[in-house]
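To start, the structure under review is shown below, and the notes come after it.
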Amino acid sequence: MFGSFQIARPYGIPLKLHWTLVLFLPYIALRLTRGMGIDSTFWGWVVALGLFLSVALHEFGHALVARGRGYPVRDIVLTPIGGVAFLSRIPRNPNDELIIAIAGPLVSVALWIGFLLLAPLISSLNMPNFAMSVLFLGYINASLVIFNLLPCFPMDGGRIFRAWQSKRVGRLKATQRAVTLGKFFATLFAIVGIFYNLFLVIIAFMMWQMAAAEYRVVQMQERPRQNPFSGFVDPLSIFRGQPPPPVHNRRKLLMLKSARRPTKSERRAQRTETPVMR
Ligand SMILES: [Zn+2]
3 MFGSFQIARP
13 YGIPLKLHWT
23 LVLFLPYIAL
33 RLTRGMGIDS
43 TFWGWVVALG
53 LFLSVALHEF
63 GHALVARGRG
73 YPVRDIVLTP
83 IGGVAFLSRI
93 PRNPNDELII
103 AIAGPLVSVA
113 LWIGFLLLAP
123 LISSLNMPNF
133 AMSVLFLGYI
143 NASLVIFNLL
153 PCFPMDGGRI
163 FRAWQSKRVG
173 RLKATQRAVT
183 LGKFFATLFA
193 IVGIFYNLFL
203 VIIAFMMWQM
213 AAAEYRVVQM
223 QERPRQNPFS
233 GFVDPLSIFR
243 GQPPPPVHNR
253 RKLLMLKSAR
263 RPTKSERRAQ
273 RTETPVMR
């Protein structure tokens with residue numbers, strides 16, 4: 003992602019920060035300090051850093067499972083509005099997509115339970131600010147799980163929904179349904195965000211854009227598959243008045259089809275492809 007720089011390389015996957023996060027981190031730390039109702043900014047910073055570490059671990063959950071299933075991971079970028087794992091490509095196999103999408107929230111569930119179990123232990127050692135911070139990180143991870151599992155494509159819940167629908171109605175129709183649902187949630191977030199939190203408006207806008215972009219890519223990938231004769235007409239069949247050639251000629255036709263130059267809209271869709279997990 004433009005404007006991001008690498009801070010570490012765990013498991014050989016570059017972990018990057020977007021410069022805007024560096025700018026926003028003091029603001030987030032300050033807001034967290036107030037939100038927790040404690041007077042030490044230090045603990046606000048601890049929770050802010052813990053929050054982004056939690057997001058990074060969520061993304062590593064996606065990334066490591068993706069890599070294990072044969073989808074190389076380019077990098078993970080942390081931004082003020084969340085993390086993004088850039089995969090080499092979006093899995094077309096619904097089972098792969100399902101497992102990769104579920105891995106991130108599972109990590110967050112583990113962190114949620116871990117922090118909630120840790121908080122009373124620290125509290126018993128008479129460290130109230132530390133205990134409060136750990137408890138808060140537990141709540142943050144809980145909200146990460148809930149937010150990510152909402153069925154709003156291209157968030158994790160939306161991907162799980164698409165994978166489930168793909169098995170029933172095919173990938174193109176499933177994506178169409180997931181995108182419609184995603185746009186509905188994006189609109190809802192934007193409306194709520196206007197009144198409560200402008201971050202939500204930015205997230206909604208990005209969700210809308212990414213959902214639309216991915217739909218264009220899937221349209222491009224799936225249309226030729228569903229109709230192998232689209233975009234190619236055997237010139238001789240016109241003279242002969244024949245129907246499209248039989249099955250044994252399909253491979254040849256597909257080869258010809260794949261050799262043709264992509265159209266303008268296809269090239270645009272290729273450029274806007276967003277192979278990401280959030
Ligand atoms: Zn995720």
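If you count the sequence shown from 1, position 136 lands on 138 in my numbering, and the numbers rise without skipping.
Ideal Cβ positions, reconstructed from N, Cα and C, are used throughout, including at glycine.
Computed from a predicted model, the values in this text were never measured in an experiment.
query	result
L32: which of H20, W21, A50 sits nearest, CA to CA?	A50
Contact defined as beta carbons within less than 8 Å: I believe A213 pairs with V171. What is the distance between those atoms, to the nearest angstrom?	Not a contact, Cβ separation roughly 18 Å.
Can you tell which of L23, R11, I102 has its C-alpha closest to the C-alpha of A165?	I102
State buried or exposed for N150, treating a residue as buried only when at least 16 other CB atoms are found within 10 Å of its CB.	buried
Look at the alpha carbon of N351 and the alpha carbon of V109, and state the distance between them as a whole number of angstroms.	Since the first residue of the chain shown is 3 and the last is 280, residue 351 is not available in this structure.
Which residues bound the alpha helix (DSSP H) around D41?	Note, D41: premise wrong, no alpha helix (DSSP H); not H, not E.
For Q178, collect the residues of the same chain with a Cβ closer than 8 Å to its Cβ; drop the 5 residues on either side in sequence, then sort them by chain order.	Y217
Could you check the C-alpha separation between F241 and R225 for me, to the nearest Å?	Caution is warranted here: a pLDDT of 47 is assigned to F241, below 50, making its placement in the model unreliable, and the coordinate value is therefore given only provisionally. So the two alpha carbons sit approximately 27 Å from each other.
Between the Cα of P130 and those of I40, V67, W114, spot the shortest distance and give me the residue it belongs to.	I40
DSSP three-state label for E275, please.	Its pLDDT being 49, under 50, E275 is placed unreliably by the model, and the measurement read from it follows with that caveat. Correct three-state label for E275: coil.
Let me make sure I understand the geometry here. Which of G63, P16, G46 has the alpha-carbon closest to that of V147?	G63
Between the region 112-124 and the region 186-199, do at least 3 Cβ pairs fall closer than 8 Å?	no
Excluding the five sequence neighbours on either side, which residues of its own chain have a C-beta within less than 6 Å of the C-beta of A133, listed in chain order?	A121, I124, S125
Is G84 helix, strand or coil by DSSP?	strand
Is G184 near ligand 1, going by C-beta to nearest heavy atom under 7 Å?	no
Report yes if the C-beta of G172 is less than 7 Å from at least one heavy atom of ligand 1; otherwise report no.	no
Going by Cα to Cα distance, which pick from G14, V79, S56 is closest to R69?	G14
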